[in-house]
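Residue numbers (the working numbering): 14 to 386.
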């Protein structure tokens with residue numbers, strides 16, 4: 014009977030930078046536990062919420078690390094038993110088991126240590142604009158809107174129409190909806206960019222395939238607590254008479270609202286409600302999201318100068334995906350993923366695409382984390 018394979022006496026240890034960071038988190042968790050045990054901590058509810066939020070973020074990481082340290086202690090104890098010939102087989106098995114646990118826990122810790130996007134849990138504004146392709150582009154904008162609304166329905170999210178400019182054939186020149194639900198932004202944030210369609214348009218008599226495009230922008234909703242400060246003096250607010258395509262929803266009063274943010278030149282129009290007050294309120298919410306989005310774009314541009322993102326910068330001009338109807342395929346160019354399930358995707362079955370994008374993003378974050386350590 015062959016002797017069992019000997020395992021190496023030493024194991025590659027956790028990277029020093031990562032271990033230092035984890036030791037700091039364990040210390041910080043102890044401090045937070047001490048704070049939460051005090052009777053007066055709830056006197057300031059804002060501070061209390063901040064502490065409990067930080068505690069909830071740190072606790073699972075610290076617990077994983079403490080389990081890793083226990084596995085490390087088990088390995089060291091088993092190493093001491095190797096000198097005893099009668100205990101060698103038992104010690105080898107204990108070392109092997111401890112190292113397997115350490116390897117698994119280390120991988121999980123790396124994922125837990127990835128930087129969190131502070132906007133992931135937020136609601137969002139989804140903005141779709143027709144681009145090149147005229148009326149066909151506007152029809153495709155309508156198809157994209159339906160795709161996202163069907164996905165939102167599957168997630169049991171709430172959807173509110175904020176603004177819509179319809180085209181003559183029932184598509185949209187521009188449409189903005191608010192989507193509210195659990196982790197909505199984290200799921201849809203990689204949808205920003207240029208979406209291209211290849212198909213025979215309904216307006217094409219010769220049966221020729223045309224290419225047109227739309228632009229999608231996914232913007233996290235700004236915090237109600239005034240995260241984006243807008244000075245009323247920087248706003249120009251105009252009212253006008255709302256009108257819809259084909260004479261629908263024509264209003265005899267000036268209920269439509271156009272808000273112009275003078276410092277940035279951002280313009281938002283809302284006319285879907287018959288109440289001028291509600292249209293103004295909606296326009297200001299979209300404006301805050303656009304200002305915040307512009308700030309995020311500027312930050313991402315600075316980051317992209319030092320490190321290229323696999324998922325892309327979110328640049329609206331960047332072509333991210335092609336929907337080829339004759340071949341029934343969808344291709345995401347950022348991760349070279351092609352799926353032959355176009356009908357299902359257009360009906361809101363986006364889970365496979367979204368999961369692949371999130372996985373690629375996580376892999377990129379892990380690679381960056383490794384470079385820093």
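For glycine and all other residues, C-beta sits at the position ideal for the given N, C-alpha and C. Since we're looking at a predicted model, the values are computed, not measured.
Beta bridge counterpart(s) of residue i as assigned by DSSP
i, result
"residue 116", "Looking at the DSSP assignment, residue 116 forms no beta bridge with any residue, so it has no partner."
"residue 207", "228 and 332"
"residue 171", "193"
"residue 188", "141 and 177"
"residue 250", "272"
"residue 343", "336 and 352"
"residue 223", "212"
"residue 233", "137"
"residue 280", "273"
Cα-Cα separation between residue i and residue j, rounded to whole angstroms
i, j, result
"residue 57", "residue 70", "20 Å"
"residue 155", "residue 77", "46 Å"
"residue 36", "residue 87", "19 Å"
"residue 298", "residue 201", "19 Å"
"residue 238", "residue 63", "Caution is warranted here: a pLDDT of 46 is assigned to residue 238, below 50, making its placement in the model unreliable, and no coordinate value can be reported."
"residue 335", "residue 353", "12 Å"
"residue 14", "residue 90", "The predicted position of residue 14 is uncertain, since its pLDDT is 43 and thus under 50; no value can be drawn from it."
"residue 96", "residue 102", "11 Å"
"residue 320", "residue 290", "Confidence is the limiting factor: at residue 320 the pLDDT is only 46, short of 50, which leaves the residue's position unreliable and the question unanswerable from this model."
"residue 288", "residue 378", "46 Å"
"residue 104", "residue 112", "12 Å"
"residue 116", "residue 82", "12 Å"
"residue 61", "residue 130", "22 Å"
"residue 169", "residue 292", "25 Å"
"residue 106", "residue 27", "21 Å"
"residue 296", "residue 274", "11 Å"
"residue 68", "residue 51", "15 Å"
"residue 312", "residue 205", "16 Å"
"residue 432", "residue 310", "This structure gives no information on residue 432, because the portion of the chain shown stretches from 14 to 386."
"residue 128", "residue 361", "29 Å"
"residue 55", "residue 236", "23 Å"
Which listed residue (the options) has its alpha carbon closest to that of residue i
i, options, result
"residue 282", "249, 336 and 182", "249"
"residue 276", "243, 135 and 97", "243"
"residue 222", "212, 228 and 230", "212"
"residue 363", "53, 216, 312 and 165", "165"
"residue 149", "33, 312, 105 and 183", "183"
"residue 194", "220, 135, 241 and 218", "135"
"residue 29", "105, 53 and 119", "119"
"residue 232", "214, 66, 300 and 151", "300"
"residue 419", "59, 215 and 375", "What is shown of the chain runs 14 to 386, which leaves residue 419 out entirely."
"residue 75", "59, 84, 40 and 131", "40"
"residue 349", "192, 303 and 366", "366"
"residue 66", "79, 49 and 371", "49"
"residue 271", "177, 98 and 51", "177"
"residue 267", "33, 273 and 286", "286"
"residue 171", "196, 73 and 181", "196"
"residue 269", "72, 251 and 280", "251"
"residue 114", "311, 99, 209 and 80", "80"
"residue 72", "370, 31 and 38", "38"
"residue 455", "308, 236, 361 and 351", "This structure leaves residue 455 out entirely; the chain is present only between 14 and 386."
Residue i classed as buried or exposed, judged by whether at least 16 other C-beta atoms fall within 10 angstroms
i, result
"residue 373", "buried"
"residue 42", "buried"
"residue 46", "exposed"
"residue 225", "buried"
"residue 381", "exposed"
"residue 59", "exposed"
"residue 234", "buried"
"residue 153", "buried"
"residue 306", "buried"
"residue 345", "buried"
"residue 167", "exposed"
"residue 209", "buried"
"residue 314", "exposed"
"residue 142", "buried"
Residue j beta carbon less than 8 Å from that of residue i
i, j, result
"residue 203", "residue 175", "no"
"residue 347", "residue 333", "yes"
"residue 158", "residue 185", "yes"
"residue 190", "residue 173", "yes"
"residue 147", "residue 228", "no"
"residue 140", "residue 230", "yes"
"residue 198", "residue 294", "no"
"residue 207", "residue 331", "yes"
"residue 124", "residue 375", "yes"
"residue 255", "residue 284", "yes"
"residue 241", "residue 192", "no"
"residue 126", "residue 34", "yes"
"residue 108", "residue 92", "yes"
"residue 160", "residue 359", "yes"
Cβ-heavy atom distance, residue i to the ligand SAH, below 7 Å
i, result
"residue 165", "In terms of ligand content, the structure shown is empty, and the ligand SAH therefore cannot be addressed."
Closer than 8 Å to chain B by CB, residue i
i, result
"residue 65", "Protein chains in the displayed structure number just one, and chain B is not present."
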